[in-house]
Amino acid sequence: MPLPTVAIIGRPNVGKSTLFNRLVGKRLALVDDQPGVTRDRREGDASLLGLDFRVIDTAGYEDEDAATLPGRMRQQTEAAVQEADVALFLIDSRAGVTPLDEEISRWLRSTDRPIVLVANKAEGRAGETGVIEAMALGFGDPVQLSAEHGEGIADLFEALLPHLDREDEEAEEEDPENPNAPLKLAIVGRPNAGKSTLVNRLLGEDRMITGPEAGITRDSIAIDWQWEDFEGNMRPVRLIDTAGLRKKARVEEKLERLSVADTLRSIDFAEVVVLLLDATRGLEVQDLKIADRVLQEGRALIIVLNKWDVAENASSLFNGVKGALDEGLAQVKGVPLLTVSAVTGKGLDTMMKVAFETREAWSRRVSTGQLNRWFERAVDANPPPAPGGKRIKPRYITQNKTRPPSFVLFGTRVDLLPTSYQRYLINGLRREFDFGAVPVRLSLRAPKNPFDRDRE
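Next comes the structure, spelled out in structure tokens:
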């Protein structure tokens, strides 16, 4: 059964993301002194004194026109309340109740969701006046806490318990080795490539804030979803939308540096990474750097040309990008290159199909017997060189891990194998066992004994 859900609501800069991080037990949401850091809904699994639930961090509620960026952020907040079992309404007890707090309270009273009023930043005596003012909002006595210091958490537990306590319900644990486990799919790329638009099209709803302004997404947002494959099967997916990655020299603001670090952590978390390119801008050096980072981290990579519906000279563009990728990503040939339109939805089902197939290859394990039958043929067809007249004798090979596929080659002086021969073996592994373009690792193990001689 799904976990109950708690939404954190309030005006900008009252400590919503700090409380979110406190509840999930890690710094998932970006936190900064300036208001408006959070723009999209961020979700996480929370545990409060043994009470498990999903918590949603929302953008600061502002009274702006729906067509503006703050207005679109407010719509996301309103959607989060409708989705939640209970809402935590945060105020800043040090600042007291503001006119915007009063407006939010009127809106919350018009909803049908239970509301728990929370007076944050209540440590010490500076927040006493604000706590008293909060009682007039009509939600009863506020829970007094300090999200930053962890004070008042037991009181918050008691306030949430009546709304969230569900007996005999357990969330299923995800087995990462299970092929039916959710596909962890991260969407990365430069700003304004259409990442959030693509996520919205996949979900069939305006889940992420989009617009002409570059860099709207700041946090990496994980969303659980079901994709219906070509056979009509529902396949679980955890979609991760990320902030745009610009050239390092142009990343100047502290907040953007945090966003970039958050995106890089999302790459580490993902199984398959979709690098989204803007077809109207083509391939740039920054795209190759992002792709190289994904492969260096051992993640499976798919490159997708978005905005294909408005691309000019499509055929030459595709061939040019493909050629540049083959040259720029020499360590992995044949990374899947797909074309989509996030606006129309064309090509997205193919993208998802390739993503699941790529994860399957990334997770594949080959038996030692199969490996060594191939290995003997490969060595017979192309014996290793003898640098300095010293013969290299590969003995056998085994797979020591998956995700990404990793192999260990044992033998005499195999640590002297040139890079070109190692590449020959890795490419042979790809072809023989259908690993495609996922990263493949090869480690070399030679005997440590100095008296171990090759006497043949």
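Numbering (the numbering used here), first residue to last: 9 to 464.
Quick reminder that beta carbons are idealized off the backbone N, C-alpha and C, glycines included.
8 Å contact criterion, which residue i and residue j should meet: CB distance rounded
| i | j | result |
| --- | --- | --- |
| Ile17 | Tyr69 | 6 Å |
| Ala130 | Gly160 | 7 Å |
| Pro447 | Val340 | 7 Å |
| Arg367 | Ala308 | 6 Å |
| Ala155 | Arg62 | With 8 Å as the limit, Ala155 and Arg62 do not qualify as a contact, their Cβ atoms being about 18 Å apart. |
Minimum C-alpha distance to residue i - residue among the options
| i | options | result |
| --- | --- | --- |
| Asp65 | Leu56, Leu247, Leu96 | Leu96 |
| Gly396 | Val293, Ala155, Pro426 | Pro426 |
| Pro199 | Met242, Gln294, Phe277, Phe147 | Gln294 |
| Val22 | Ile434, Leu153, Phe418 | Leu153 |
| Asp149 | Val196, Leu193, Val124, His157 | Val124 |
| Thr26 | His157, Leu116, Glu111 | His157 |
| Ala369 | Gly306, Asp163, Ile229, Ala67 | Gly306 |
| Ala363 | Ala278, Asp163, Arg403 | Ala278 |
| Arg381 | Arg19, Ala445, Leu437, Glu110 | Leu437 |
| Ala127 | Thr250, Arg117, Met143 | Met143 |
| Ala386 | Gln430, Ala350, Ser349 | Gln430 |
| Ala322 | Ala299, Val340, Gly353, Gly290 | Gly290 |
| Pro20 | Asn29, Glu320, Ile434, Ile99 | Ile99 |
| Thr352 | Val139, Pro344, Leu210 | Leu210 |
| Glu239 | Lys409, Asp357, Asp53 | Asp357 |
| Gln234 | Lys192, Lys24, Ile275 | Lys192 |
| Arg102 | Ile140, Ala67, Val94 | Ile140 |
| Val94 | Val105, Gln304, Asp317, Thr13 | Thr13 |
| Leu116 | Ala394, Gln90, Thr137 | Gln90 |
| Val105 | Thr85, Glu136, Gly132 | Glu136 |
Residue i classed as buried or exposed, judged by whether at least 16 other C-beta atoms fall within 10 angstroms
| i | result |
| --- | --- |
| Thr376 | exposed |
| Leu169 | exposed |
| Arg50 | buried |
| Met359 | buried |
| Gly146 | exposed |
| Asn208 | buried |
| Ser267 | Unreliable positioning characterises Ser267 in this predicted model, as indicated by a pLDDT of 43, which lies under 50. A coordinate reading is not provided. |
| Thr205 | buried |
| Thr119 | exposed |
| Asn241 | exposed |
| Asn188 | exposed |
| Ala257 | At Ala257 the pLDDT is 45, less than 50, meaning the model places this residue with poor confidence; the figure from the coordinates comes in the next sentence. By the neighbour-count rule (16 or more Cβ atoms within 10 Å), Ala257 is not buried but exposed. |
| Gln407 | buried |
| Arg439 | exposed |
| Asp176 | Because Asp176 sits at a pLDDT of 38, beneath the cut-off of 50, its placement in the model cannot be relied upon, and the point is left open. |
| Pro392 | buried |
Reduced DSSP category for residue i - H, G, I as helix; E, B as strand; rest coil
| i | result |
| --- | --- |
| Asp120 | coil |
| Ser324 | helix |
| Asn414 | According to the sequence provided, residue 414 is Ser. The question's Asn does not apply to it. Residue state, collapsed to three classes: strand. |
| Glu279 | coil |
| Gln83 | helix |
| Ala469 | With the chain represented from 9 up to 464, any question about residue 469 goes unanswered, as that position is not in the structure. |
| Asn361 | The sequence given here has Lys at residue 361, not Asn. It is helical. |
| Tyr404 | strand |
| Thr420 | strand |
| Gly202 | coil |
| Pro107 | helix |
| Ser154 | strand |
| Glu213 | coil |
| Asp53 | strand |
| Arg243 | strand |
| Leu59 | strand |
| Ala95 | strand |
| Glu236 | strand |
| Leu193 | strand |
| Ser1 | This structure does not reach residue 1, given that the chain is present from 9 up to 464, and the question cannot be answered. |
| Leu356 | helix |
| Thr26 | helix |
| Glu159 | strand |
| Val312 | strand |
| Asn21 | coil |
Beta-carbon proximity check, residue i vs residue j, cutoff 9 Å
| i | j | result |
| --- | --- | --- |
| Val416 | Lys401 | no |
| Ala92 | Arg114 | no |
| Leu313 | Ala287 | yes |
| Leu296 | Leu325 | no |
| Gly444 | Gly355 | no |
| Ser428 | Ser451 | no |
| Val280 | Ile311 | no |
| Phe418 | Arg453 | yes |
| Pro244 | Pro190 | yes |
| Lys361 | Asp237 | yes |
| Gly212 | Leu284 | no |
| Ala350 | Lys398 | no |
| Leu424 | Ile405 | no |
| Thr250 | Ala299 | no |
| Val164 | Leu56 | According to the sequence provided, residue 164 is Leu. The question's Val does not apply to it. For Leu164 and Leu56, yes; Cβs fall inside 9 Å. |
| Val329 | Val196 | no |
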